[in-house]
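The sequence shown begins at 198 in my numbering and counts up by one.
Beta carbons: idealized from backbone N, C-alpha and C, even for Gly.
Structure, as structure tokens:
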Amino acid sequence: SNKINNNQRKGEFNMELREELLYSKSHEWVKEEGEEMVIGLTDYAQSELGDLVFVNLPEEGDELTVGEAFADVESVKAVSDVYAPVAGTVSEINEELLDAPEKINEAPYEAWLVRVKDVTEKEALLSAEEYQTFVESEQ
């Protein structure tokens, strides 16, 4: 079928997506867990960034604003901001990543960045299918 040929021609679309997650146009994923939202970087983001050497996370209690940077990641290529897809209060950060940023490259959907509580606003998030279409349109 068409889709498989397309993937072979454009290797970059072998990105992993998870149906149960929501996605932002700035390449973060969002998972609803009870009252909280968990945020991480997508497989596409980590593959574009390259090998990560440093992660700068906010602190517990920090307020996130939709569309504003709340963290940054540094790869051998560049430093990139990570943008908040939701507004709320940071309830927990993944401290493991501070010592091992490469976990984002190895398993982007396990290597969450922050948990957010008291969520007051969400940007218009995309389903896995919508996100894939968005990424392909950006190429």
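Each of VAL283, VAL311 and ALA242 was checked against the Cα of GLN329, and the nearest Cα belongs to ALA242. With a cutoff of 9 Å on beta-carbon distance, PRO298 and VAL316 are scored as not near each other. Nearest to VAL287 by C-alpha distance, out of PRO255, ALA321 and SER221, is PRO255. Only buried fits ASN291, as 16 or more other CB atoms lie within 10 angstroms of its CB. Looking at the DSSP output, SER334 bridges to nothing. Under DSSP, ASN253 shares a beta bridge with ASP269.
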